[in-house]
Ligand code: NAD
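Numbering (my numbering), first residue to last: 7 to 397.
Okay, structure coming up:
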C-alpha cells in the first residue's frame, strides 16, 4: 500500500525527516509531502549574523527544490492554519485541505512574550530571515538618520534577554555597529548597546566560568549589561524596567524566550504550559499516538526528566529518528527509543569569539570555539546534502 506521509514544516527537523524517510521508504511504499510556508529552508541559527549584514540572506536561504531534487518528496508551499488530527486533515491558509495516513508536525516555536505589555507591538524579534532583514534595514536607517536628527536614542540599542540568542545578537552588534558608525561618520562613543536580563547573570543555567568569559569579552567591546532587571513594559521607543528606570531607544530587540507553536495547542495535542507537545520515547504525541511531533514544537525529556533545550541539533536528530520510526511503522521491527547525542552548545560572540561546550563537558572559548561552531554548521549542511550552503 502506498502511504501518504505529510510533514508539516521544513525547518531542521522536518527537512531531515523528509530526507531520512525517503532513504528508508521507496516511492511505491510512501508518498512524502513536505508543507512549508516558503519554498526554502532557513538556517535560523545564523539569523543574528544576517541581522547585522555579516552574512547575506542568500547564504541562509536554501531552496528546498535543490535539497530535495531527485528525492521524490513533494514540496507543498503553503501556510498551515489548522491541524485536525481526529479527521486526519490539515487546512492551509489558502483554503486547501490535505489528508494523510501519517502525520509529522515540525512547525517550530514562537516567541514567548510573557504577557509583557507593548513588547510584541514595539520590539523586533529574530525568528525568520524576513525579521532579520527588517532589523538590518532598521539599523542602517538609524545610522543614516542620526547626522540629520541628532537624537541619542537613534544610537541606543537594547536587547532584552541574555540567553544564547540575546548573547549572540549583542556579540554581532558589538562587531558590526562600530562599522556602521564609521560608514555614517558617527563617533563610536555615541553608540550604546544594552543587554537587559531578568536573571542575576547572563546565560542563566550555563557554566558560570563560560558566562563570565562571555561577559568580559562583550564588555570590552562596549556592551553594557543590566542583569537581575526584568523588562516590565515597552512603549514605542522606550523600555521600562522593574527598577522604575526607562531606556529610550529606537532599537529594541526581544530574545527573552520561546514557546511551542499555537497550532499544536489549538489542534488539541497534549502540551506543557509553554505550549510544547508532550511526546513518548518514540516522539509520538502522548495524546495522539501515531502523530510524530518534532523540533521546537515538542518537549523531549532527558534521563533526569528535564527538558532538552530546543536547539537545531536536537531538531535534526529528531528528524533522523522519525525517518526510522516511519520505516518501522510500515515494515514492523523494533523501534529504538529516542536518545539524542549531545554534541554540545556554543554561543558565538561576534565574528572572532565564542564560548561553549563540546560534548557534555569539554569547555572551549575564543577563536577555537568560533571555529568549532562553524564546523557544526558544515556538519549539518553535509547532512542535508548542501555542504556549500547557498553562497
Ligand atoms: P532563553 O529562554 O534561553 O533565554 C531568554 C532569556 O531572557 C533568559 O535568560 C531569561 O531570563 C530572559 N528574560 C525573560 N524574561 C525577561 C524579562 N522580562 N526581562 C529581561 N530578560 C528576560 O531563549 P533563547 O536565548 O532564545 O534560547 C532558546 C533556546 O535556543 C535555548 O534552549 C537555547 O539554548 C537555544 N539556542 C541555542 C543557540 C546555540 O546553541 N548557539 C543559540 C540560540 C538559542
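C-beta atoms are modelled at their ideal positions from N, C-alpha and C, and glycine is treated no differently. On a predicted model such as this, the values are computed, not experimentally measured, just so you know.
Same chain, Cβ closer than 7 Å to residue i, five either side skipped, listed in chain order
i, result
"residue 243", "159, 254, 255, 256"
"residue 376", "354, 358, 359, 360"
"residue 150", "190"
"residue 178", "54, 55, 57, 58, 60, 356"
"residue 126", "119"
"residue 290", "296, 297, 298"
"residue 221", "208, 231"
"residue 277", "266, 270, 271, 283, 284"
"residue 397", "At residue 397, the pLDDT of 46 sits below 50, so the modelled position is not reliable and the matter cannot be decided from this model."
"residue 333", "30, 31"
Residue j beta carbon less than 8 Å from that of residue i
i, j, result
"residue 267", "residue 115", "yes"
"residue 86", "residue 98", "yes"
"residue 271", "residue 73", "no"
"residue 245", "residue 176", "no"
"residue 384", "residue 322", "no"
"residue 339", "residue 261", "no"
"residue 258", "residue 128", "yes"
"residue 369", "residue 216", "yes"
"residue 349", "residue 324", "no"
"residue 21", "residue 47", "yes"
"residue 400", "residue 227", "Because the chain spans 7 through 397 in this model, residue 400 falls outside it and cannot be assessed."
"residue 318", "residue 37", "no"
"residue 113", "residue 303", "yes"
"residue 76", "residue 33", "no"
"residue 16", "residue 42", "yes"
"residue 122", "residue 240", "yes"
"residue 273", "residue 89", "yes"
"residue 320", "residue 346", "yes"
Backbone secondary structure at residue i - three-state DSSP
i, result
"residue 284", "strand"
"residue 185", "helix"
"residue 51", "helix"
"residue 261", "coil"
"residue 180", "helix"
"residue 119", "coil"
"residue 323", "helix"
"residue 76", "coil"
"residue 380", "helix"
"residue 105", "strand"
"residue 241", "strand"
"residue 270", "helix"
"residue 10", "strand"
"residue 20", "helix"
"residue 277", "strand"
"residue 82", "strand"
"residue 157", "coil"
"residue 173", "helix"
"residue 206", "coil"
"residue 30", "helix"
"residue 397", "With a pLDDT of 46 at residue 397, under the threshold of 50, the predicted position of this residue should be treated as unreliable, though the coordinate-derived value follows. Correct three-state label for residue 397: coil."
"residue 15", "coil"
"residue 149", "helix"
"residue 293", "coil"
"residue 314", "coil"
"residue 375", "helix"
"residue 398", "Because the chain here runs from 7 to 397, residue 398 falls outside it and cannot be looked at."
"residue 214", "helix"
"residue 351", "strand"
"residue 88", "strand"
"residue 356", "coil"
"residue 369", "strand"
Neighbourhood of residue i by C-beta distance below 6 Å, restricted to the same chain and skipping five residues each side
i, result
"residue 26", "326, 329"
"residue 198", "162"
"residue 171", "261"
"residue 81", "40, 70"
"residue 186", "149"
"residue 288", "331, 341"
"residue 306", "314"
Own chain, CB closer than 8 Å to residue i, minus 5 neighbours either side, in chain order
i, result
"residue 103", "95, 96, 97"
"residue 315", "351"
"residue 205", "168, 233, 234"
"residue 45", "69, 70, 71, 81, 83"
"residue 173", "201, 208, 209, 220, 224, 353, 355"
Pairs of beta-carbons, one from the region 360–368 and one from the region 55–67, closer than 8 Å: are there three or more?
no
Quick check: the region 183–198 against the region 206–213, are at least 3 beta-carbon pairs closer than 8 Å?
no
Do the region 103–122 and the region 292–308 meet, that is, are 3 or more Cβ pairs less than 8 Å apart?
yes
Do three or more CB pairs link the region 131–138 to the region 274–292 at distances below 8 Å?
No: fewer than three Cβ pairs fall under 8 Å.
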